[in-house]
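Before any comments, here is the structure.
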Amino acid sequence: MVHAGTDSGSARQRVRDAINHRQPQRVPFSWGLGITREMHDVLVQHAASRSLDWNRIHDEVEDILTITPDHRGRPLRHTTEIWGIGRKTVRYEGGSYDEFDRKPLAGARTPADIDRHRWPSADSFDFAGLRNKVLSRDPGSRKAHRADILCSGNPLEIYTWMTGLEETLINLLLRPAVVRAALRHITDFFLDMMQRTAEAVGDLIDIFYFADDLGSQQTLLFSRQTYREVIQPYHTELCARSRELVPDSKAMFHTDGSVYDILPDLIDAGVQILEAVQTEAAGMEPRRLKRDFGSLLAFHGAISVQQLLPRAAADEVRAECTELIDTFGAGGGYVAAPSHSIQYGTPPQNVFAMLETVVGEEQFADLCRGARR
53 MVHAGTDSGS ARQRVRDAIN HRQPQRVPFS WGLGITREMH DVLVQHAASR
103 SLDWNRIHDE VEDILTITPD HRGRPLRHTT EIWGIGRKTV RYEGGSYDEF
153 DRKPLAGART PADIDRHRWP SADSFDFAGL RNKVLSRDPG SRKAHRADIL
203 CSGNPLEIYT WMTGLEETLI NLLLRPAVVR AALRHITDFF LDMMQRTAEA
253 VGDLIDIFYF ADDLGSQQTL LFSRQTYREV IQPYHTELCA RSRELVPDSK
303 AMFHTDGSVY DILPDLIDAG VQILEAVQTE AAGMEPRRLK RDFGSLLAFH
353 GAISVQQLLP RAAADEVRAE CTELIDTFGA GGGYVAAPSH SIQYGTPPQN
403 VFAMLETVVG EEQFADLCRG ARR
């Protein structure tokens, strides 16, 4: 069953209830890492076949909006460009994706090599116009607001993109001083971005969004000792600063993969919401996560984009989403969301089945009536 709760009058209140471990009337929903461009086109066509406006449905069901300042200079294809990272487009049957093809810190062997890099500045972003940008999208502040990763931070991930995964893992063991030097520069940038974001729209922020992928499908990418000694101090600093700037905000942390063993360390670092929650990864069973960490963490994600959405029948999607809501949502503490980007090849009817289950059959029917073309 879906647990009944108090009446949450807006999406923002619904999210606030959930992340503060209070029972909302229904679990909130977020698209999380979104939908690939090609899959979006499929959903537009599927909705149109039912005389529905997909973009309106997409926006209506989203309970968490992202706060991101605009870049002042030339338009960026992707914000990773500010770090000197290059991308190339790789095409596959049905679509395309980006791979990194320029890694500016590859081969850096000393902290001095790191210091010589031209590091970005928060001066490159427009914070003066940020408040109007947020309120023009959500005039009545009906939705919850999440300061985007650009404002909050993914220090290890940025370093990995600047260096390459293999070299990063080697440096964590053999050249930790090099990694620390890079993480210091990257963290300082994000501390400045958080400060300026909070000065502009702090009263609108419910969540600061941090990220660093720490797990693979079967295990951690490195030992807990390596995490504690090299990486955790920067996560701790970022999470602590977010609460100093906006005391009522929550620290959301994205990581893919099998991360059960490192969750106590993330909690010690100040993480309050775990995002992605990839339940096929080793050790990431929903009941186990809720039992062992549900009093300390809220969960965001868990609706599988690996198996459930692309491979199951619509009725199976409904049943699994109901089970996730029943497990993670008991007593609050759950934002229903896909566990990563929904990709091309996912049956569109499964996406609709997910929404119908999370939002509620009657409410989703009302929403669709309002989205008729």
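Just so we're aligned: the sequence shown equals residues 53 to 425 in my numbering.
Glycine included, each C-beta is placed from N, C-alpha and C at the ideal position.
No experiment lies behind these values; they were computed from the predicted model shown.
Please check the pair TYR286 and THR220, which I expect to be a contact at CB under 8 Å, by giving their CB distance rounded to whole angstroms. 14 Å between Cβ atoms; not a contact.
With DSSP as the reference, label ARG280 as helix, strand or coil. helix
Going by the beta-carbon positions, is the gap between ARG170 and GLY136 smaller than 8 Å? yes
Residues near GLY138 in its chain [Cβ-Cβ closer than 6 Å; skip 5 each side]: Closer than 6 Å at the Cβ level, and outside the excluded window around GLY138, lie ASP153, ARG154.
How far does the alpha helix (DSSP H) with ARG108 in it reach, from first residue to last? 106-113
Ordered list of beta strand (DSSP E) runs contained in the region 315-393, each at least 3 residues: 325-328, 350-355, 386-390
Member of HIS352, LEU182, VAL67 whose CA lies at the smallest distance from the CA of PHE262: HIS352
HIS110 versus ARG227 - alpha carbon distance: 45 Å
State the CB to CB distance for the pair ALA405 and ARG370, rounded to an integer number of angstroms; the pair is presumed to be in contact (CB under 8 Å). 5 Å
Measuring CA to CA, which of GLU151, VAL113, THR132 is closest to THR141? Nearest C-alpha to THR141 among GLU151, VAL113, THR132: GLU151.
Note down, one range per segment and in chain order, each beta strand (DSSP E) of at least 3 residues found wholly within the region 136-191. 138-144, 147-154
Is ILE222 buried or exposed, if buried means 16 or more other CB atoms sit within 10 Å of its CB? exposed
DSSP beta-bridge partners of ASP122: ASP178
For MET304 and HIS98, I'd like the C-alpha separation in whole angstroms. 33 Å
TYR144 classed as buried or exposed, judged by whether at least 16 other C-beta atoms fall within 10 angstroms: exposed
Residues in its own chain within less than 7 Å of VAL253 by CB, not counting five upstream and five downstream? ILE119, LEU182, ARG183, VAL186
By the 10 Å Cβ neighbour count, where 16 or more other Cβ atoms means buried, how is ASP167 classified, buried or exposed? exposed
DSSP puts TYR261 in a beta bridge; with which residues? MET304
Which residue's Cα is closest to the Cα of ARG89: ASP378, THR398, GLU408? THR398
Determine the direct distance from the alpha carbon of LYS302 to that of ILE40, and round the result to whole angstroms. Residue 40 is absent from the structure shown; the chain starts at 53 and stops at 425.
Span of the alpha helix (DSSP H), counted from its first residue to its last, around ALA196: Counting along the chain, ALA196 falls outside any alpha helix (DSSP H), though it belongs to the beta strand (DSSP E) covering 196-199.
Once DSSP output is grouped into helix, strand and coil, what is the label at LEU272? strand
Buried or exposed for GLU413, please, with buried defined as at least 16 other CB atoms from any protein chain shown within 10 angstroms of its CB. By the neighbour-count rule (16 or more Cβ atoms within 10 Å), GLU413 is not buried but exposed.
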